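What follows is one structure encoded as structure tokens, with my remarks underneath.
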Amino acid sequence: MHALPVMLGALGCLAIAWRYYSAFLATHVLVLRDTEDVPAHRHRDGSNYVPMGKWVAFGHHFAAITGAGPLVGPVLAAQFGYLPGLLWLIIGVCMAGAVHDFVILTGSIRRDGMSLAEIARQELGEGASLVAAVGILFILVVAMAAMGSVITGALAHSPWGVFTIGMSVPIAICMGFAFRGGDARTIQIASALGVAALLAGVVGGERVAAGGWGAWLTLSKAQVGWALIIYGFFASALPVWMLLVPRDYLSSYMKIGTILLLVVGVMVVNPSLEMPPVTEYVSGGGPVIPGKLYPFVFITIACGAISGFHGLIASGTTPKIVSNEAHCRTIGYGAMLMEGLVGVTALLAASALEPADYFAINVSPEKYATLGMNPVELQHFSEVVHEELAGRAGGAVSLAIGMAKVFEKLPGMSGLLGYWYHFAIMFEALFILTTIDAGTRVGRFVVQELMGRLHAPLAKPDNLGANLLASLLIAGTWGFLLQTGEIQTIWPMLGISNQLLASIALVVGTVLIVRSGRGRYAWVTAVPLAFVATTTLYAGALSIRDNFLGAMVASGKVWQGWLNAGLCVVMMGCCVIILGYGAQAIRRHWREEAQRATSS
């Protein structure tokens with residue numbers, strides 16, 4: 035099988051969903067209004083509430099939601115073959131993920147930019163709000179740790195990569211000052227210069243790494259982790275215009291541009307998909323992801339099809355910068371379709387690798403020795419990129435090699451595999467860092483809301499002391515899990531937590547639709563909710579039994595196994611409780627409607 039027909043089919047499905055299904059949601063379910071009576075204008079404060087143009091807001095939202103998930107999840111799920119992941123990516127993003135994002139973003143904007151937890155309080159009750167806030171915090175901690183673990187695995191002992199990614203921070207800050215108060219022309223110039231500077235960082239990274247700075251930039255996995263924690267703290271505490279929005283906007287150029295280039299590259303090069311449609315590991319025993327095809331392919335793909343984390347962004351930073359309600363269709367539904375395309379291209383790039391090379395990169399050398407495989411091109415790849423690639427688990431390295439193989443075969447690109455590899459690593463890290471900064475900031479909002487229950491002034495976004503304390507708490511907590519966990523255990527936790535949060539958001543979205551008087555359309559969120567919730571709760575139960583309290587404890591990682599199991603139980607419990615609150619809210623609404631109909 036070759037990649038071209040697969041890519042064309044995926045593009046066709048996404049285009050149909052955008053043209054027809056998103057229009058149906060916008061006009062019949064959500065009934066969008068062309069109005070600037072939105073939180074960004076009503077509460078404009080120059081820090082959190084800042085109205086942005088449609089495409090700037092789209093760039094921020096896309097960059098913030100598109101983290102490691104759609105890149106790494108499909109790559110890891112390639113263990114089961116390319117077909118199961120491909121089907122779920124296309125169906126899931128069109129019918130579940132994009133709907134989830136669209137509904138929550140619109141609901142938040144119509145409720146003064148409220149967070150998901152606050153919307154739950156308003157629609158489901160005080161108890162639901164507290165449960166949702168606790169669940170969101172646990173999920174954020176796991177998600178940020180999982181995102182960070184991908185970066186630490188890719189950038190450890192990679193001075194070229196560290197230099198390139200480090201360059202992006204001062205570039206974004208300079209762009210932030212240029213954007214602030216700048217006209218359209220200034221923004222265009224700053225954007226062009228920012229992209230050029232990033233590309234210069236990729237090209238110049240090889241020379242810098244080979245020179246005297248190489249030793250200073252060669253960081254261990256733990257040191258990269260500390261750098262991420264510090265970055266997350268400052269990204270959360272600084273004004274949104276200074277780092278978060280310009281960095282996301284800059285990243286969106288690189289992300290969208292690279293994805294489009296990869297789509298074109300796949301269609302021009304038309305690589306053969308070396309990974310079979312379905313592998314022997316569908317029944318379990320896979321070396322990359324433990325467990326059977328169902329339910330583990332769904333929690334492994336996670337963000338590429340539907341992501342609860344998106345609900346935090348759609349009710350966190352994004353509704354505070356959207357300048358017109360009518361933009362929600364493009365920003366909410368459209369950005370998620372683009373993320374689905376990211377997942378498809380990542381899956382195809384990884385599937386173009388020889389299976390023996392794919393597994394050599396994504397499992398430890400000890401485990402690989404038991405598979406009876408011999409690497410095909412891996413030694414050549416390691417020599418060209420100046421790094422040892424075997425045993426670099428996490429998905430990022432195998433994806434980067436897959437992308438570089440496609441790009442190198444484009445006309446005029448022969449012999450540039452090393453540069454393309456490090457470009458791909460930068461591309462992946464930009465994805466992840468923009469999720470870490472936005473996620474840490476959203477976590478800060480949630481922590482401040484919880485602190486506000488004890489002392490109301492602590493919940494105010496402009497309270498500097500509360501801002502710093504909440505930022506420190508959220509960054510420090512996910513940082514601890516990052517520094518003490520491993521990708522093989524953290525990533526399944528991310529998938530479970532992420533999909534449980536999506537279930538919580540879909541409960542809230544279903545209630546919003548019912549209480550808006552358009553209950554006949556509640557199926558648009560209720561159907562995805564039923565599938566995602568049952569699949570994820572089943573996966574959580576299996577993970578607790580077989581992976582956390584089974585394999586981890588048996589291998590001597592006793593406290594890590596019990597910690598993971600405990601986190602999983604809390605998150606599953608929060609989801610079940612919210613399901614109950616949602617059912618009560620809908621029944622209560624129906625009773626009230628029946629009483630009004632009877633009295634009239």
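Counting from 35, one number per residue, gives the positions in the sequence shown under my numbering.
No residue lacks a Cβ here, since even glycine has one placed at the ideal position from N, Cα and C.
None of the values given here were measured: they were computed from a predicted structure.
With fewer than three CB-CB distances shorter than 8 Å, the stretch 227 to 235 does not count as touching the stretch 471 to 491. By the criterion of a C-beta distance shorter than 8 Å, V610 is surrounded in its chain by L571, once the five residues flanking it on both sides are discounted. Taking each of G141, M606, I620, Q594 in turn and checking the Cα distance to A560, the smallest one comes out for I620. In terms of CA proximity to T351, D471 leads the group T252, D471, G239.
One alpha carbon belongs to E160, the other to L528, and they sit about 27 Å apart. Straight-line measurement puts the Cα of L535 at about 19 Å from the Cα of Q618. Listed in chain order, the non-local C-beta contacts of L507 below 8 Å within the same chain comprise V481, local neighbours out to five positions each way being set aside.
Burial is judged here by how many other beta carbons sit within 10 angstroms of a residue's own beta carbon; I365 has at least 16 and is buried.
Between T220 and F92, the alpha-carbon positions lie close to 19 Å from each other.
Taking all protein chains shown into account, W624 has fewer than 16 neighbouring C-beta atoms within 10 Å of its C-beta and is therefore exposed.
Taking the Cβ atoms as the reference, C128 lies roughly 33 Å from L233, outside the contact range of under 8 Å. A distance below 8 Å between beta-carbons, with the five flanking residues on each side excluded, links L45 to the following residues of its chain, in chain order: V297, L375.
The stretch 311 to 378 is shown to contain no whole beta strand (DSSP E) run of 3 or more residues. For Q594, the uninterrupted alpha helix (DSSP H) segment begins and ends at 592 to 633.
Counting only residues of its own chain and dropping the five nearest sequence neighbours on each side, V63 has a CB closer than 7 Å to the CB of I547, R552, Y555, V558. C-alpha of M460 to C-alpha of G614: approximately 43 Å in a straight line. The residue among F213, P204, D146 with its C-alpha nearest the C-alpha of V72 is D146. In terms of Cβ geometry, P562 and V137 do not form a close pair [threshold 8 Å].
Contact between the stretch 436 to 444 and the stretch 188 to 200 is absent: fewer than 3 CB-CB pairs across the two stretches fall below 8 Å.
When DSSP reads this structure, M86 sits in a beta bridge with V356. When rounded, the separation of the alpha-carbon atoms in L515 and G595 is 12 Å.
When rounded, the separation of the alpha-carbon atoms in P85 and A162 is 31 Å. The bridge partners DSSP lists for H36 are S306. Per DSSP, the unbroken alpha helix (DSSP H) holding R155 starts and ends at 150 to 158. The beta-carbon distance between L278 and M41, rounded to whole angstroms, is 33 Å. This is too long to meet the 8 Å contact definition. Closest in alpha carbon position to A130, among T518, L164, S341, is S341.
Between E308 and L412, the CB-CB gap reaches or exceeds 8 Å. Between the alpha carbons of R363 and R241 lies a distance of about 44 Å. According to the DSSP assignment, F268 belongs to the alpha helix (DSSP H) that extends over 255 to 271. The Cβ atoms of A348 and D135 sit closer than 8 Å to each other. For the 8 Å CB-CB criterion, A74 and S357 form a contact. Contact between the stretch 252 to 269 and the stretch 175 to 192 is present: three or more C-beta pairs spanning the two stretches fall below 8 Å. Secondary structure at D282: helix, using DSSP grouped into helix, strand and coil. One thing to note: P273 has its Cβ no nearer than 8 Å to the Cβ of M209.
Rounded to whole angstroms, G406 and V316 show a C-alpha spacing of 18 Å. Selection V322, F343, T334 evaluated against Y402 yields V322 as nearest (Cα-Cα).
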